[in-house]
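K.L.:
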């Protein structure tokens, strides 16, 4: 929002203060100022001049040769404006002066000397009208500087609208002036309004048919002769970002910019009774910008005799628009439900200065004051106008008056500093609060313009006191809180160790990816998006499904990084949704996903590298081993043969797998790819085993090698089970020392190591164990190699 | 100096008398002197003048011949030896148990007793001489051999580039760990929270009622489960207050989601870290002090802060906190858009309604809350200009963040 310092100065006298300094204080106490613009600074030596002679240029149809009397002299000026006429008084930029376009110099134009330039409003920067020369009042003394005639010079600052969202009172200059008054401790002048009692004539009938209407005030004015707003007013509107349209439209805008109250002027001839409500069904309505809008049962409309004439709080209709010849008007000053206006505005895709203000939840108290203000301005401009109706005022919903009580201790506790009682009273009074102070107790009444949502509790009062006090003026102190040592949660540190191991020991790269599936990218790898919880309002529906596994997205990343290196590994610790919980909520899980891409290793070697990695992580963090077993695929992209479950204590907590050949081929024909995924919530829940220490035996260990022929379909786990089931305390370790597979037979050499803590083992003792093991192996069809 | 008695011969270790004027400084008895000269000149010359070569001299001559030959033989072999192995052979040949010296020594038993001493000495002298020469030659050869190794060694190019295979952390992890560590030292609990939350946690419990514009401002991803992706880490406040009660110091980093289109400056998925501190009489003054201290730690230098009023429904009063630009020191530069200040993080005194929802007694306790944009901090720290890098998985970018 743009704020004019000239306008502010009308209500609070800021003379003698540095303008940038007080705007800076406004930033620190009220709302962020984004920019300061100096208007009229580039206008120099522009004076009122009268055209005393016009000759056509001999070589040009457009140009005229003028003689212009600027009081002290008569200048020759070559001018191309279409509206030049004799005795017209216009702004003349003299040689050596400046206008918005730049410096004015004596020049030769089309063969004739020109000693200045006659200006349009646009060239003076006071409007965007460049259709012709600006015509000044014929009574003005020739030679008067334009800046002395009109308030061309002004300081405009732009406030960040977002920082005003909770301050409906700051959407007009008067509210901002109140802030300056409090900040600078200078008095705020009252608004000048029409004080008539509006007791004559017929009241415009107003029927309210919706709870969305809080208050509706209307007044009829006739005999309006003037149609164009005074230049001062137009300059102000223009500087604040609005265009002059016609007197009545300009006045409604002016009052809105001044008080924050949106107003509407209906053509008096076209509106005779008002009804406000929502239509029964869908329909269309043409707003005054000429666009046809779709309305529905949630669109609040203003009706005249059952015909819609405006979308409430947003925009009027084309048919009841004020046009040039209107001499009578119905003024609307109303208060509508902010949420309703916001929703309608976003549904229509139509955000106006009015709707922006209504969204902030305006003070309904000001509707009538705004009408009185407009009438006052109108009467000052057009003395012949007449109010011809009683004031219609339906006040449907009044906000309660908010009273708050607090004591000095409360303020001290909240601020941590000592702000005096006098200062508290002075600040709150300046901001319009009613304050009763007795000893250290305060009873405060919140002004209506702050009571719609903004100030409702004691803590809000603290903000009022402290922001005007100035946060820069705060003495800052540390807290008195007791010292309490904090330990990192196990989850946090295990999460850190997992990452540390993957990065530092296994050289993997950590990545982050989106929580939803990227359908297009998955498709490239032949991966179907699996059904899961969906995002209802994502702009790209193919990405709407929340991932149920980390792997597919990591695979797309591996695919995109193919040119990065011949071998790399990536991982992510992130969230997936594994279906729903019993109460219907998403079952959100923390997962670790690992994808290894390698063109230098065989798939088999890479597979065992990942197996080693997972085992390492388990042993490092949990001091125990996980169980790995072949399992059924849970996703179509997994390899039917080489998918294994990772379990602990019988609970499956993850998977490790190679890719289904179809997906592997699409990703890279020459690279090995192995994936692993661990449910970290399950992993973190595993209790860390104590490190089991035992003194190493002083007696020698005896190794016994078995070279076995594996029967079809048998795994190492089957062999291992034969000795584990026997619980041989002297068997201290078993290692695979060789494996052989010639396509027809598979053999495996295992080294069993025996030792006892208290004696040297006798060979026949060991042989007895070996015989028992071989017998069990025989039962499952595994024999010694011949 | 007169005749000095009881001087001790260095050779035979017997006492003898000596005329010091004739034999000044000599520490050998006449016998020894004779032997010495004899050894030097050769027995033949010495025998001239003798009418009869005494028997012992005869034997001695023979002996001398033998040792001379032995030495000559040794010298000859030594000259050919060119490695420590051949030296060792030589040592065995001459000094070994079955070597030449041992053989010579074995003759000792056939030498008359009175001559045994001299004989033994003679052999010993030869032995010592061989030992010394061997040692010298050995030292020489070792040195040569070492030099050969040095000369033949490859001259390594230490300036060669190395292809170091290193893993990398995501920059968010790096910055998150740094900031968490700072908060841990200040006694804050680090809390984790889910990414999918419900309407109550994300809005209701934060004093953002239905139809509040803040719910439009934070374009929310709504889920088919009726839940939503959390739009801010504040969504964890309520749960954490309920979990710990007051007093409380906690930070909770997390990933947040906003339904907006992405470009170099905007992401729909980003990281924040929220912090709250609740205790008796926590004040605005404490908040400013804390923010200044904490941010000075984060940036590793003294940071100036300023507060401006800011509106967030879950704090009252609410602030926008600016830090004085660290690049220009507040003078104004392109980084701070010439204002000297950078808007860094929202903060404020926790709204009493929020404390109430969290089950905290607002008569007794007050508190403050603040939000840090971890994504923004990471971008500032590393000069990442395009926010989309962070979720791109592009290893050409991400692999640069080595070490934690």
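Residue numbers (my numbering), protein chains in the order written: chain Z, 321 to 1106; chain D, 31 to 434. For each residue, glycine too, the CB sits at the ideal point set by N, CA and C.
1) Rounding to the nearest angstrom, what Cα-Cα distance links residue 390/Z and residue 453/Z in this structure?
2) For residue 877/Z, count neighbouring C-beta atoms within 10 Å of its own C-beta (all shown protein chains included) and say buried if the count is 16 or more, exposed if not.
3) Would you mind stating whether residue 737/Z and residue 794/Z have Cβ atoms separated by less than 8 Å?
4) Looking only at C-alpha atoms, which of 353/Z, 331/Z, 802/Z sits nearest to residue 341/Z?
5) Compare the C-beta of residue 426/D with all C-beta atoms of chain B and state if any pair is closer than 8 Å.
6) Taking the C-alpha atoms as reference points, what is the distance between residue 1097/Z and residue 944/Z?
7) Along the stretch 119-131 of chain D, where does the CB come closer than 8 Å to a CB of chain Z? Name the residues.
8) Just reading off the beta strand (DSSP E) that residue 277/Z is part of, what are its end residues?
9) For residue 377/Z and residue 400/Z, I'd like the C-alpha separation in whole angstroms.
10) Just to make sure I have the definition right: I need the residues of chain Z whose C-beta is within less than 9 Å of the C-beta of residue 322/D. Which are they?
11) Residues in the same chain with beta-carbon distance under 7 Å from residue 942/Z, minus the five sequence neighbours each way, listed in chain order, please.
12) Which residues bound the alpha helix (DSSP H) around residue 167/D?
13) Which chain D residues are close to residue 804/Z, counting only those with a beta carbon under 7 Å from its beta carbon?
14) Going straight from the alpha carbon of residue 1092/Z to that of residue 1046/Z, what length do you get?
15) Quick one: using the 10 Å Cβ neighbour count with 16 as the cut-off for buried, is residue 529/Z buried or exposed?
16) The alpha helix (DSSP H) with residue 992/Z in it runs from where to where?
17) How many angstroms separate the CA atom of residue 526/Z from the CA atom of residue 634/Z?
18) Taking the alpha-carbon positions, what's the residue 425/D to residue 343/D distance?
19) What's the gap between the Cα of residue 915/Z and the Cα of residue 982/Z?
20) Nearest to residue 340/D by alpha carbon, out of 768/Z, 804/Z, 584/Z, 774/Z?
21) At which residues does the alpha helix (DSSP H) containing residue 824/Z begin and terminate?
22) Can you give me the start and stop residues for the beta strand (DSSP E) that residue 371/Z sits inside?
23) Going by alpha carbons, who is nearest to residue 404/D out of 347/D, 236/D, 208/D, 432/D?
24) With a threshold of 8 Å on Cβ separation, who are the neighbours of residue 966/Z within its own chain once the five nearest residues in sequence on each side are excluded?
25) Quick one: is residue 913/Z buried, meaning 16 or more other Cβ sit within 10 Å of its Cβ, or exposed?
26) Return the bridge partner residues of residue 411/Z from the DSSP annotation.
27) Cα separation between residue 1067/Z and residue 1088/Z?
28) Can you find the residues in the same chain that come closer than 7 Å, C-beta to C-beta, to residue 796/Z, ignoring five residues on each side of it along the sequence?
29) Strictly under 8 Å for the Cβ-Cβ distance: is residue 390/D near chain Z by that measure?
30) Which partner residues does residue 730/Z have in the DSSP bridge list?
31) Would DSSP call residue 741/Z helix, strand or coil?
32) My assumption, with CB atoms under 8 Å, is that residue 484/Z sits in contact with residue 436/Z. Please give the rounded CB distance.
33) Determine whether the beta carbon atoms of residue 383/Z and residue 790/Z lie at a separation below 8 Å.
34) Would you mind reading off the limits of the alpha helix (DSSP H) that contains residue 946/Z?
35) Please check if any C-beta of chain Z sits within less than 8 Å of the C-beta of residue 314/D.
36) Rank 534/Z, 539/Z, 509/Z, 510/Z by C-alpha distance to the C-alpha of residue 521/Z and give the top, closest one.
P.N.:
If we stick to the structure as given:
1) So the alpha carbons of these two residues sit roughly 16 Å apart.
2) buried
3) yes
4) When the alpha-carbon of residue 341/Z is set against those of 353/Z, 331/Z, 802/Z, the nearest one is in 353/Z.
5) Considering every chain present, this structure includes no chain B. Its protein chains are Z and D.
6) Spanning the alpha carbons of residue 1097/Z and residue 944/Z requires a straight line of approximately 27 Å.
7) Cβ contacts with chain Z come from no residue of the stretch 119-131 of chain D.
8) With chain Z running from 321 to 1106 in the structure shown, residue 277/Z is simply not present.
9) Rounded to whole angstroms, residue 377/Z to residue 400/Z spans 10 Å at the Cα level.
10) Those are 796, listed as they occur along chain Z.
11) 1006, 1008, 1009
12) 143-182
13) 217
14) 9 Å
15) Answer is exposed; the Cβ neighbour count stays below 16.
16) Premise fails: residue 992/Z lies in the beta strand (DSSP E), 992-999, not in any alpha helix (DSSP H).
17) 19 Å
18) 40 Å
19) 17 Å
20) 774/Z
21) Membership of residue 824/Z in any alpha helix (DSSP H) is not indicated, and neither H nor E is assigned to it by DSSP.
22) 364-376
23) 208/D
24) 934, 946, 947, 948, 972, 973, 974, 975, 976, 996, 998
25) buried
26) 368/Z
27) 23 Å
28) Nothing listed; no residue qualifies.
29) no
30) Looking at the DSSP assignment, residue 730/Z forms no beta bridge with any residue, so it has no partner.
31) helix
32) With 8 Å as the limit, residue 484/Z and residue 436/Z do not qualify as a contact, their Cβ atoms being about 44 Å apart.
33) no
34) Per DSSP, residue 946/Z belongs to no alpha helix (DSSP H) and is neither H nor E.
35) yes
36) 539/Z
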